[in-house]
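Take a look at the structure set out below.
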Amino acid sequence: MVSVYLLANFGGPRHASDIEVFLTSLLTDRDVTGKFLPPFIHKRLFSFIAKKRVAKVLPQYNCIGGFSPIYRDTEDLADTLSLYLDAPVITFHRYLPDTHQLTVQRLKAFGDCPVIGVPLFPHFTYSVTGSIVRFIHAHLPLLNISWISHFGNHPQFIFCMIDHILKFLQSHDISIHDCCLLFSAHGLPMRYINKGDPYNKHCEKSFKTISERLPNIETHLCYQSKFGPGRWLTPSTKDVCETLKTDKTYVLIVPFGFTSDHIETLYEIEKEYIPILKAREYRALRVPAIYQSPEWAASLATIIQSTPRAEKESLIKP
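Each residue of the sequence shown is one higher than the one before, counting from 437 in this note's numbering.
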């Protein structure tokens, strides 16, 4: 019998003073930004880049209320899941380092009890889920933990996504025959894909399954949030917004793989991509992240209870 669950998410600034720490923790993670430099040079370079980026992203956070909702959403979701699972649910916020000690202490308190790790990312990538797994095993090497590595094609996730989209259409009085859906997933550098990261295949499979169950709606898969040089997954969400040709009145951007709203949805989609579509005379709207669905917590509990576990060896890139 499982004794405890670890609900892992990205983390996000809870207030303005978190922004630099959050960015530094994120960009100095070599699973995220690559291992092409010696570790000490990598840390110094990306710490400098993080510090410089604060001036750019601070106004963006101010535009969405001064903080990211992802921290609070994850904490609240853990409380609700605990009721569904009838077990403790501990949170882990990967890029909020001041929360890590408490997470480690709480896990240690359970001793040898089995733990199931639940990263809140439907589509696996070594640079996100893999980074979470690496961190936990590095800090708790004796922890008795197995992982749910991905769930983007789980029937309950598919159901919840479709239900969430259809209810959004209904609440805005939008006909399924007069709308186009852009499923916008976070991008990933092609150098990771070329080295065997399965992220794009997971996204494509999940997108195909959802699209097949929405046969009367035009759908497109695209990728956002490119950072730095080099080729990333295509097509980009920006390019699709600029070049889309459809006779539909409504174009909706659906956060795909973002289970909670944060700066990539509330600012990047809402303030950068939606205006492009509106300027092209489409009626453009952003669908909230799936966290806003009343079915999400129950659906996630079902996913957790019915998904095979994976061990760390298959989830960490050497």
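The C-beta atom is built at its ideal place from N, Cα and C for all residues, glycine as well.
{"query": "Going along the chain, which residues of its own chain have a beta-carbon closer than 6 Å to the beta-carbon of Met597, five neighbours each way excluded?", "result": "Ile646"}
{"query": "Enumerated in chain order, which unbroken segments of the alpha helix (DSSP H) with a length of 4 residues or greater are wholly contained in the stretch 639–721?", "result": "673–679 and 710–715"}
{"query": "Decide if the stretch 677–686 is in contact with the stretch 706–717; the criterion is three or more beta carbon pairs, one per stretch, under 8 Å apart.", "result": "yes"}
{"query": "Go through its chain and collect everything with a Cβ distance to Ser661's Cβ below 7 Å, but skip five positions before and after it.", "result": "His622, Gly623, Glu700 and Glu704"}
{"query": "Classify Gly448 as buried or exposed, calling it buried when 16 or more other Cβ atoms lie within 10 Å of its own Cβ.", "result": "buried"}
{"query": "With three or more beta-carbon pairs closer than 8 Å as the criterion, would you say the stretch 582–596 touches the stretch 483–501?", "result": "no"}
{"query": "Please name the residue, chosen from Thr682, His586, Lys471 and Ala725, that lies closest to Gly553 on a Cα-to-Cα basis.", "result": "His586"}
{"query": "Please state whether the Cβ-Cβ distance between Gly501 and Ala452 is less than 8 Å.", "result": "no"}
{"query": "Which stretch, first to last residue, makes up the alpha helix (DSSP H) that contains Gly566?", "result": "Thr565 to His575"}
{"query": "What is the DSSP secondary structure of Ala746, reduced to helix, strand or coil?", "result": "strand"}
{"query": "Runs of 4 residues minimum, wholly inside the stretch 576–631: which ones carry the alpha helix (DSSP H) assignment?", "result": "591–607 and 626–630"}
{"query": "First and last residue of the beta strand (DSSP E) that includes Thr561?", "result": "No beta strand (DSSP E) holds Thr561; DSSP gives it neither H nor E."}
{"query": "Could you spell out the range, first to last residue, of the beta strand (DSSP E) harbouring Pro555?", "result": "Val551 to Pro555"}
{"query": "To the nearest angstrom, how far is the alpha carbon of Ile710 from that of Pro691?", "result": "13 Å"}
{"query": "Out of curiosity, what's the CA-to-CA distance linking Ile629 and Thr561?", "result": "9 Å"}
{"query": "Nearest-angstrom Cα distance between Cys639 and Gly693?", "result": "8 Å"}
{"query": "Anyone know if the C-beta pair for Ser607 and Pro533 falls short of 8 Å?", "result": "no"}
{"query": "Which of the three DSSP states is assigned to Leu517 in this structure?", "result": "helix"}
{"query": "Is the stretch 465–479 touching the stretch 438–447 in the sense that three or more CB pairs, one from each, lie closer than 8 Å?", "result": "no"}
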